[in-house]
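Step one of this worksheet: look at the structure below.
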Amino acid sequence: MSSPAVSATRNVAEDVRGLAALSETRPARSLWSDAWRQFRRNKMAVAAVIYLIFLAFVAIFAPVIAPHNPVESNVQEAGRYRQAAWIDDPNPKRTGTWEYPLGTDSIGRDVFSRLVYGTRISLVVGFIPMIVILTIGVPIGLAAGYIGGRVDNLLMRITDVVYAFPALLFFIVMQVSFGDTRFGRLFNGLILLFVTLSIVNWTGVARLVRGTTLSLKEKEFIEAARASGASAWRIILRHILPNALGPIIVAAAFIVPGAIISEAVLTYLGIGLRPDVSLDAPFPSSWGQMIYDGKQNYNVQPWMLIAPSLAIGLITLAFTFVGDGLRDALDPREQI
Amino acid sequence: MTSYLIRRVLWIIPVIVTVAAVTFFLMYRAPGGPWSQEKPLPASTVRRLNAKFGLDKPLWVNPTAAERAWDDGVRNPLRLGRAFLDSQFFNYMFGVFRGHLGPSYASKGAKNVEDVIREKFPVSARIGLVAITFAVIVGVPLGIISALRQNTWVDYLSLFTSTIGISVPTFVTGLLLLIFLSRNFGVSPVRKPHEWDGLGPAYLAPGIILGLGTMAFVTRLTRTSMLEIKRQDYIRTARAKGLAERPIVLRHMLRNAMIPVLTILGPAAADLVTGSIIIESIYGAPGLGREFVDSISKRDYSMIMGTAIFYAVLIAFANVLVDISYGVIDPRIRVRR
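Residue numbers (the working numbering), protein chains in the order written: chain A, 247 to 582; chain B, 87 to 423.
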């Protein structure tokens with residue numbers, strides 16, 4: 247053990263060295279590089295990002311990864327419900343083989359290949375509505391917050407109603423109403439789903455941006471910008487938006503899993519996406535559809551249900567970890 | 087406070103009107119009329135059914151009826167107005183505010199939507215009750231323990247499980263538990279119809295699964311607010327005057343920590359309602375949620391519309407109730423408003 251005096255001198259020495267280092271040229275740390283350092287320290291968030299990048303690769307290279315065509319039914323396997331590869335079955339025809347890692351379904355399609363292709367729909371359904379929601383919600387929120395007055399009032403009334411309407415109920419009503427129309431069938435129903443998700447979610451983003459803008463508007467640096475003659479456009483785009491970006495990014499990270507779950511739930515209820523049955527379809531299977539199929543047969547072939555359930559559970563978990571990590575890094579005010 | 091409450095309750099009315107109008111509009115333009123089925127009904131039957139349920143009336147307003155009333159010598163503006171509004175939409179809206187949600191078309195009008203709701207909702211309500219009880223009874227103590235033992239393994243474990251509980255949808259956990267129960271215990275969690283009468287063990291699995299997300303959220307909130315309160319001056323004062331640990335935690339910390347927990351019970355009500363739709367269809371519970379899902383596949387538009395409005399009203403009232411309860415628990419909020 248060192249004596250207090252020794253450690254005190256050492257501390258002083260460290261302080262001096264630290265000060266010297268500060269006064270030397272330490273590369274300036276911007277908000278973003280600071281946030282990045284903070285984010286990297288969160289191991290779960292980093293692991294989640296790696297997992298999501300991995301999923302993106304799976305989605306892009308699905309044709310290479312999937313051992314079979316996800317739509318084509320193998321006549322010899324049809325009606326057999328082959329078990330997952332590591333499961334022995336008293337019936338030798340149903341014992342798992344690595345040719346079908348997660349077994350086969352009622353018409354002899356490879357469950358693993360369907361799972362691999364299903365990644366595509368989940369990622370697309372998660373990200374595209376998020377982009378749409380941000381492009382609608384952010385400008386409206388900025389306008390409502392900066393201009394205030396009637397625009398602001400109108401926005402708040404609309405969000406009140408949207409909040410009162412339970413999202414899932416609205417999704418269901420929309421899907422039932424438009425699902426069988428030509429518009430509802432565009433791209434297997436993807437377009438309708440994007441529209442529905444955007445209608446519900448833009449208000450949340452707009453409200454968030456409005457709140458941030460309102461508080462930023464009163465800050466001194468905005469006043470300074472106004473005093474030096476910056477136009478409203480310039481103030482909004484160069485001063486308010488960059489400072490509101492943190493909360494927006496965090497909100498965006500939480501929109502994605504919500505959209506993925508909504509797709510799965512609606513498809514499970516039989517009113518979501520329609521599977522494309524052509525052999526070279528880009529979106530031939532969805533996890534929600536697989537859960538729907540698996541629920542009918544889970545007593546015979548449990549992995550038909552376990553695999554897509556786990557896939558959805560993991561992807562939503564990953565987005566939550568990323569969202570939490572981003573919030574810790576970018577938006578230190580709100581921590582639950 | 088009173089004027090705030092009145093405003094808050096009155097605000098429910100335009101919300102319900104909007105929700106009802108939107109669902110009415112969307113359901114009206116859904117493909118296939120209420121009587122379409124695999125074997126088309128004869129045109130005369132359709133006409134008779136339409137006349138019986140007022141579906142032959144104009145959609146939004148009925149100027150012909152008003153004109154006819156005027157020609158008949160009616161001069162009372164109220165009655166003239168009522169004739170003008172003798173349309174499908176306004177008749178439906180007037181019905182909604184008197185608690186009539188119209189006939190269920192799938193049953194060819196033999197049953198009314200409100201009767202179906204009255205019959206099926208108790209099952210859903212019991213599942214919700216189990217869920218919220220589970221969420222509070224498990225979530226609050228878990229949050230307290232992890233706050234008092236911050237940064238120990240108990241804390242990390244409860245944080246980890248609550249993260250999973252918040253992010254993984256009940257949809258997934260419900261299905262996984264279903265497989266787990268039927269594989270490892272050989273019991274089918276799908277019960278016989280009579281087992282749902284009264285609050286029995288049948289409600290355990292769906293109730294707990296439904297409450298999982300809320301439980302996780304309650305745990306996190308309790309933990310955060312307990313941590314914040316732990317450092318307050320009045321807690322130090324309580325310690326300084328020699329109060330025992332138990333009354334400090336229960337009387338001084340917990341009461342203040344409950345306020346944020348209460349705030350999420352409103353949104354949680356919405357989660358529970360929408361969650362019950364999925365959970366009931368997974369576990370085959372004969373509640374309103376499953377009825378709703380069935381009515382979707384049967385394209386029973388009046389049932390879909392009526393249930394959606396019922397749920398919206400339920401959630402709106404839950405939110406108001408939560409707002410009122412803030413004031414009861416925390417007098418400071420009462421004053422501020």
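Beta carbons are placed, not taken as given, at the ideal position from N, Cα and C, and that holds for glycine.
Could you please give the first and the last residue of the uninterrupted alpha helix (DSSP H) stretch that includes residue i?
i	result
residue 548 of chain A	Residue 548 of chain A -> no alpha helix (DSSP H), and no H or E assigned at all.
residue 297 of chain B	290-316
residue 321 of chain B	319-326
residue 236 of chain B	No alpha helix (DSSP H) contains residue 236 of chain B, which DSSP labels as neither H nor E.
residue 371 of chain A	357-393
residue 438 of chain A	436-463
residue 381 of chain B	374-383
residue 295 of chain A	289-306
residue 509 of chain A	487-514
residue 268 of chain B	256-270
residue 542 of chain A	533-543
residue 100 of chain B	98-114
residue 421 of chain A	413-424
residue 329 of chain A	Where residue 329 of chain A is concerned, there is no enclosing alpha helix (DSSP H), given that its DSSP letter is neither H nor E.
residue 166 of chain B	163-170
Which chain A residues are close to residue i, counting only those with a beta carbon under 8 Å from its beta carbon?
i	result
residue 398 of chain B	410, 411, 412, 415
residue 360 of chain B	412, 413, 414, 415
If we count the other Cβ atoms within 10 Å of its Cβ and call it buried at 16 or more, is residue i buried or exposed?
i	result
residue 434 of chain A	buried
residue 280 of chain B	exposed
residue 246 of chain B	exposed
residue 238 of chain B	exposed
residue 571 of chain A	buried
residue 287 of chain A	exposed
residue 322 of chain A	exposed
residue 523 of chain A	exposed
residue 309 of chain A	exposed
residue 261 of chain B	buried
residue 388 of chain B	buried
residue 354 of chain B	buried
residue 156 of chain B	exposed
residue 130 of chain B	exposed
Does residue i come out as helix, strand or coil in the three-state DSSP assignment?
i	result
residue 148 of chain B	coil
residue 341 of chain A	coil
residue 350 of chain A	strand
residue 128 of chain B	coil
residue 309 of chain A	helix
residue 189 of chain B	strand
residue 198 of chain B	strand
residue 341 of chain B	helix
residue 139 of chain B	coil
residue 284 of chain A	helix
residue 184 of chain B	coil
residue 245 of chain B	helix
Using the Cα positions of residue i and residue j, report the straight-line distance between them to the nearest angstrom.
i	j	result
residue 436 of chain A	residue 463 of chain A	39 Å
residue 297 of chain B	residue 520 of chain A	31 Å
residue 440 of chain B	residue 377 of chain B	The displayed coordinates of chain B run from 87 to 423. Any statement about residue 440 of chain B would go beyond what the structure contains.
residue 207 of chain B	residue 365 of chain B	14 Å
residue 477 of chain A	residue 483 of chain A	10 Å
residue 133 of chain B	residue 127 of chain B	10 Å
residue 486 of chain A	residue 449 of chain A	19 Å
residue 326 of chain B	residue 358 of chain B	43 Å
residue 300 of chain B	residue 259 of chain B	13 Å
residue 425 of chain A	residue 108 of chain B	16 Å
residue 428 of chain A	residue 531 of chain A	21 Å
residue 557 of chain A	residue 232 of chain B	30 Å
residue 385 of chain A	residue 406 of chain A	19 Å
residue 337 of chain B	residue 226 of chain B	14 Å
residue 354 of chain A	residue 561 of chain A	27 Å
residue 252 of chain B	residue 302 of chain B	6 Å
Name, please, each residue of chain A whose Cβ falls closer than 7 Å to the Cβ of residue i.
i	result
residue 269 of chain B	548
residue 364 of chain B	511
residue 356 of chain B	412
residue 54 of chain B	The first residue shown for chain B is 87 and the last is 423, placing residue 54 of chain B beyond what the model contains.
Does residue i have its Cβ less than 8 Å from a Cβ in chain D?
i	result
residue 305 of chain B	Chain labels in this structure do not include chain D; the protein chains are A and B.
Along chain B, in chain order, which residues have C-beta atoms closer than 9 Å to that of residue i?
i	result
residue 341 of chain A	Neighbours of residue 341 of chain A on chain B: none; closest Cβ ~18 Å, over 9 Å.
residue 381 of chain A	Residues of chain B passing the Cβ test: none, with the nearest at roughly 24 Å.
I want to verify the contact list: residues of chain B whose CB lies under 7 Å from the CB of residue i, in sequence order.
i	result
residue 376 of chain A	Near residue 376 of chain A there are no residues of chain B at all, since even the closest Cβ is about 16 Å away, more than 7 Å.
residue 555 of chain A	258, 261, 262
residue 420 of chain A	112
Strictly below 8 Å CB to CB, what residues from chain B border residue i?
i	result
residue 349 of chain A	By Cβ distance, chain B contributes nothing, its closest Cβ being about 14 Å from residue 349 of chain A, past 8 Å.
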